[in-house]
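J.:
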Amino acid sequence: IVRCNPGQIKADGGDQGKFDDSMRVLRKAGIQVWPSPDVMEFMGAKDALCKVAHLNIGLEDTLAYYSTEDFAAGFKKTMAFQPRVLKQNRGSSGEGIWIIKLKSGNYCKNFGDRSCSADEELEMMEACDNHAETHTVAEFLEFCVNGRTSQSGKWDTVGTGKYLEGGKVAGGQLVDQRFCPRIVEGELRMNMIGDTCTGIIHKKPKAGGISAVGGTGSIYTYYAPDAPEFENLMADFSGKNLPTLMANLDLHNEPLPLWWTADFINSDPGTPGTPCTIDKWIVGEFNCSCVGISKCAAAYCQAESPNASFFDIPVKDLMEATYLGNLMGQKAAGILDACKTKAPSPAAARIINRIEAVKRAVTMGVLSKEEAGSMMAKLFDV
């Protein structure tokens with residue numbers, strides 16, 4: 003089980019490539035790696051959106067750029083047609099993700115009718131902090147390709163640009179996707195364990211913002227997986243898309259990750275705040291790289307709590323985290339069984355069954371949450 007974000011090993015003085023290659027050797031030997039380097043790369047790369055563009059969770063006009071020439075020609079054409087979202091492949095927390103509109107509003111009626119000129123002005127907002135900037139098309143292209151130069155103008159972003167640096171093999175790419183105006187109403191995050199959704203989070207940006215990235219003042223609302231508000235999305239995603247998702251991402255021999263997320267945006271073209279005319283949600287991002295379990299936040303060691311541990315997690319949160327961990331274990335055991343490898347030990351199976359029994363007892367009202375918490379504490383001898 004790999005709990006390292008890409009780049010952390012290199013940042014700590016190690017060799018990320020050597021680590022990834024060693025994990026690939028294990029996979030070729032039939033040993034499971036969750037997630038494998040290829041799953042982390044192919045699912046996490048922004049051009050994964052292009053690979054699902056033909057599915058009902060995608061947008062058919064999603065493009066990927068790997069060269070300066072394709073980027074300049076493609077972006078000038080898409081930008082002249084409608085507002086866009088440009089996403090760099092590297093980085094996290096919204097850095098290098100730009101929501102872009104023509105300042106003049108001079109959009110053409112049909113795609114390809116015209117291309118933007120170099121001096122047309124763009125109104126831009128970056129997803130990491132919702133700050134706004136205005137640049138010409140030429141300045142934006144220059145920043146994306148070469149970073150801060152005399153030709154890119156003055157930038158307020160903390161990013162350095164150079165999004166295509168190194169080419170496709172080094173992860174240099176930009177994804178160009180249609181802007182969905184209802185993003186201001188919020189996006190959905192599905193927390194997934196294998197093919198099972200364990201919860202849905204609605205993340206609404208603060209007033210005047212577009213991005214709901216943590217730390218930007220966004221409001222989170224939590225829903226059960228079977229929430230009626232998202233019944234159609236859940237049915238389509240789990241029934242039509244999940245069975246072929248890994249194959250569509252060119253990961254034919256890999257299982258779905260044990261713990262991952264899928265972010266969705268309402269693609270209805272209507273004005274925010276008005277009734278929707280279509281019920282279509284599209285994927286904005288997949289993430290399977292060291293996804294956190296929020297219920298375990300109290301165990302996170304940081305400057306304010308350097309000695310935090312498992313035992314600092316409140317009982318209620320511990321029960322939920324234990325349920326999630328148990329479900330991950332069941333999914334992992336199923337994959338291993340399917341590969342004809344060793345099943346969980348009898349002792350591990352007994353603990354799994356006891357945890358499930360306590361969970362069911364709380365659901366049925368046989369035990370109170372306090373009683374269940376006490377039983378869980380005894381089970382783990384805490």
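Going letter by letter, the sequence shown gives residues 3 to 384 in my numbering. By construction, the Cβ of each residue, glycine as well, lies at the ideal position given by its N, Cα and C atoms.
In angstroms, rounded to a whole number, what distance separates the CA positions of V293 and F113?
T.: For V293 and F113, the distance between alpha carbons rounds to 38 Å.
J.: With A264 as the anchor, note down where its beta strand (DSSP E) starts and where it stops.
T.: Note, A264: beta strand (DSSP E), W262 to N268.
J.: In chain order, what residues of the same chain lie with their CB nearer than 7 Å to the CB of V384, ignoring the 5 residues before and after it?
T.: Bear in mind that the predicted position of V384 carries a pLDDT of just 44, short of 50, making it too unreliable to give a figure here.
J.: Roughly how many angstroms separate the alpha carbons of F232 and S24, rounded to a whole number?
T.: So the two alpha carbons sit approximately 41 Å from each other.
J.: Taking the Cβ atom as the reference point for each residue, do M81 and I101 lie within a distance shorter than 8 Å?
T.: No, the pair does not count as a contact, with Cβ atoms beyond the cut-off.
J.: May I ask you to verify whether the segment 277-292 touches the segment 26-44, counting CB pairs closer than 8 Å and requiring at least 3?
T.: Yes: the two stretches touch, three or more of their Cβ pairs being nearer than 8 Å.
J.: Is L51 buried or exposed, if buried means 16 or more other CB atoms sit within 10 Å of its CB?
T.: Buried is the call here.
J.: How many Å lie between S152 and T138 at the Cα?
T.: Approximately 14 Å, taken between the alpha carbons.
J.: Report buried or exposed for V87, applying the criterion of at least 16 other Cβ atoms within 10 angstroms of its Cβ.
T.: V87 is buried by the Cβ-count criterion.
J.: Would you decide whether K333 is buried or exposed? Buried here means 16 or more other CB atoms lie within 10 Å of its CB.
T.: That one is buried.
J.: Tell me the start and end of each unbroken alpha helix (DSSP H) in the segment 217-249 that is at least 4 residues and wholly inside, in chain order.
T.: Listed in chain order, the complete alpha helix (DSSP H) runs (minimum 4 residues) inside the segment 217-249 are 233-238.
J.: Measure the CB-CB distance between Q34 and L258 and report whether it falls below 8 Å.
T.: Not closer than 8 Å, so no.
J.: In terms of residue numbering, what span does the beta strand (DSSP E) encompassing D178 cover?
T.: Here the beta strand (DSSP E) through D178 covers L176 to R180.
J.: Any idea if Q304 is buried or exposed, counting beta-carbon neighbours within 10 angstroms, 16 or more meaning buried?
T.: Counting Cβ neighbours within 10 Å, Q304 comes out exposed, since fewer than 16 surround it.
J.: Keeping to the same chain, check which residues put their C-beta closer than 6 Å to that of C199; ignore five residues upstream and five downstream.
T.: Counting only Cβ-Cβ distances below 6 Å, and skipping sequence neighbours, we find M192 and P227.
J.: Residues in its own chain within less than 6 Å of K164 by CB, not counting five upstream and five downstream?
T.: If we look at K164 and ignore the five residues flanking it on each side, its Cβ neighbours are G149.
J.: Write down every uninterrupted run of the beta strand (DSSP E) in the segment 55-112 whose length is 3 residues or greater and which is fully enclosed by it, in chain order.
T.: Segments of the beta strand (DSSP E) lying fully in the segment 55-112: 65-67, 86-90 and 99-104.
J.: DSSP on G327, reduced to helix/strand/coil?
T.: In the structure shown, G327 sits in a helix (DSSP, three-state: H, G or I).
J.: Helix, strand or coil: how does DSSP classify G16 here?
T.: Note: G16 maps to coil in three-state DSSP.
J.: Using the beta-carbon count (16 or more within 10 Å), is D121 buried or exposed?
T.: The residue is exposed, with fewer than 16 neighbouring Cβ atoms inside 10 Å.
J.: Compute the Euclidean distance between the alpha carbons of K156 and G98, then round it to the nearest angstrom.
T.: Rounded to the nearest angstrom, the two C-alpha atoms are 16 Å apart.
J.: Straight-line CA distance for T64 to V177?
T.: Approximately 7 Å, taken between the alpha carbons.
J.: What separation, rounded to the nearest whole angstrom, lies between the Cα atoms of T276 and C341?
T.: Between T276 and C341, the C-alpha separation is close to 50 Å.
J.: Just the Cα atoms here: how many angstroms apart are V281 and T273?
T.: Rather than Val, the amino acid found at residue 281 in this sequence is Asp. If you take the alpha carbons of D281 and T273, they lie about 14 Å apart.
J.: Between the Cα of L61 and those of S69, F181 and L166, spot the shortest distance and give me the residue it belongs to.
T.: Answer by Cα proximity: F181.
J.: Output yes or no for whether 8 Å exceeds the beta carbon distance between V360 and A349.
T.: Not closer than 8 Å, so no.
J.: Helix, strand or coil for N289, going by three-state DSSP, please let me know.
T.: If DSSP states are grouped into helix, strand and coil, N289 belongs with the strands.
J.: Can you tell me whether R29 is helix, strand or coil according to DSSP?
T.: In this structure, R29 counts as helix in the three-state DSSP scheme.
J.: Let's test the definition: count the other Cβ atoms within 10 Å of the Cβ of H56 and tell me whether it reaches 16, buried, or not, exposed.
T.: Burial call: exposed.
J.: Would you mind working out which of E128, C130, L320 and L124 sits nearest T136, comparing C-alpha positions?
T.: Minimum Cα distance to T136 is reached at L124.
J.: With distances taken Cα to Cα, identify the nearest neighbour of Y32 among L326, E306, N255 and S376.
T.: It is Gly, not Tyr, that sits at residue 32 in the sequence shown. Comparing Cα positions, the closest option is N255.
J.: Using the DSSP secondary-structure output, state which residues sit across from S307 in a beta bridge.
T.: In DSSP, S307 forms a bridge with Q304.
J.: Tell me the DSSP bridge mates of I284?
T.: Per DSSP, I267.
J.: Under three-state DSSP, which class holds A47?
T.: If DSSP states are grouped into helix, strand and coil, A47 belongs with coil.
J.: Of the choices H133, I59 and G327, whose alpha-carbon is the least far from that of I357?
T.: I357 has its Cα closest to that of G327, out of H133, I59 and G327.
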